[in-house]
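S.K.: The end of the sequence shown is residue 82 by the numbering used here, with every number in the run present. For glycine and all other residues, C-beta sits at the position ideal for the given N, C-alpha and C. Got a structure here, written out as structure tokens. Questions coming.
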Amino acid sequence: MGTDPRSKARWGKKDLGVKILGEATSETLLYVGCAPSYDPRVQNVSTALVKIFQRADLDFSILGKNDDPINLLWRGRQGTD
Numbered sequence: 002m003g004t005d006p007r008s009k010a011r012w013g014k015k016d017l018g019v020k021i022l023g024e025a026t027s028e029t030l031l032y033v034g035c036a037p038s039y040d041p042r043v044q045n046v047s048t049a050l051v052k053i054f055q056r057a058d059l060d061f062s063i064l065g066k067n068d069d070p071i072n073l074l075w076r077g078r079q080g081t082d
């Protein structure tokens, strides 16, 4: 997307105090995806969902700058066949 991958989780961590996978433990992973992570035009959707999760007192985290969702999915599927 032409944006620095190190800024992927910045919107949630800095502004909303969201946990980052690997930096903290949580029960649930909120997969935001690339567009909401980098594009401020759609971040309001993810921000609203995070606020709903927080009000519901859900324990969740988002992917951090070094997390590749494809590798995470592959690791999670290994040994499940």
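Determine the direct distance from the alpha carbon of Ala49 to that of Arg56, and round the result to whole angstroms.
M.R.: 11 Å
S.K.: Can you name, in chain order, every residue of its own chain whose Cβ lies under 6 Å from the Cβ of Arg78, other than the five neighbours on each side?
M.R.: Note that Arg78 scores 48 on pLDDT, short of 50, meaning its location in the model is unreliable; the coordinates nonetheless yield the value given after this. Cβ neighbours of Arg78 beyond the five flanking positions: none.
S.K.: Just curious, the beta strand (DSSP E) that Ser62 is in, first and last residue?
M.R.: 61-63
S.K.: For Lys66, does the three-state DSSP call read helix, strand or coil?
M.R.: In the structure shown, Lys66 adopts coil according to DSSP, grouped into three states.
S.K.: Pull up the distance between the alpha-carbon of Ser27 and that of Asp58, whole angstroms please.
M.R.: 12 Å
S.K.: Distance cutoff 8 Å, beta carbons only. Does Gly65 sit that close to anything in chain D?
M.R.: The structure shown contains no chain D; it is built from a single protein chain.
S.K.: Quick one: Cα of Asp16 to Cα of Val33, how far?
M.R.: The alpha-carbon separation between Asp16 and Val33 amounts to approximately 15 Å.
S.K.: Rounded to whole angstroms, what is the Cα-Cα separation between Asn45 and Gly23?
M.R.: 24 Å
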